[in-house]
Structure formats: structure tokens, C-alpha cells
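Numbering (our numbering), first residue to last: 244 to 327.
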């Protein structure tokens, strides 16, 4: 979501802090995801189980790697576009 807000430049710039809506939506999505995973009645409803903490670290690590892969791809795309 953060990568998509700026397709031309680096996503982690000052404009990111100015957009309060993106942080509100991110927080709401995180809380809903946590509710589905950890609240017993939601676990029954969706057939989920609580995740061990190490799985959260794996998820964050993969997300971080993907973030930087997309940023590198955007930079290479800009560079090749200028050269053409």
C-alpha cells in the first residue's frame, strides 16, 4: 500500500507523514487482522488460529524485502525511461 502511493519517487518521503488517512486505514486493517487471528469467536467464524510471534517477524521481514524490491524496480524503471 505504501509503495503504491508514489509510483515515480521513493515512497518513504515527507508526504507519507502528511497523509493521515493512510495511517488510519493501516491501523484499522491491522486491528481487524489481529481480531480475526486472536479473538476466539472470530477464530471460530473464520477458522483461524493464533500466530506465534516468530511468524509475525517472518511476515515483517518478507514485507520489508518486498518493499525494497519494488523501490528498486521503480528506480530502474525511471532510469530506463530517461535513457530511452
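Using N, Cα and C, we set each Cβ at its ideal position, and we do this for glycine too. Here the structure is a predicted model, which is why all the values come from computation and not from measurement.
Assigned secondary structure, residue i (DSSP; H/G/I helix, E/B strand, else coil)
i: residue 283; result: helix
i: residue 255; result: coil
i: residue 291; result: coil
The alpha helix (DSSP H) enclosing residue i, as first and last residue numbers
i: residue 296; result: 296–326
Inter-residue Cα distance where the pair is residue i and residue j
i: residue 282; j: residue 265; result: 25 angstroms
i: residue 262; j: residue 254; result: 12 angstroms
i: residue 277; j: residue 311; result: 25 angstroms
i: residue 260; j: residue 267; result: 12 angstroms
C-beta contact flag for residue i and residue j at 8 angstroms
i: residue 279; j: residue 291; result: yes
Residue i: CB within 7 angstroms of a non-hydrogen atom of the ligand ATP
i: residue 312; result: Absence of the ligand ATP from the depicted structure is noted, as is the absence of any ligand whatsoever, leaving it without description.
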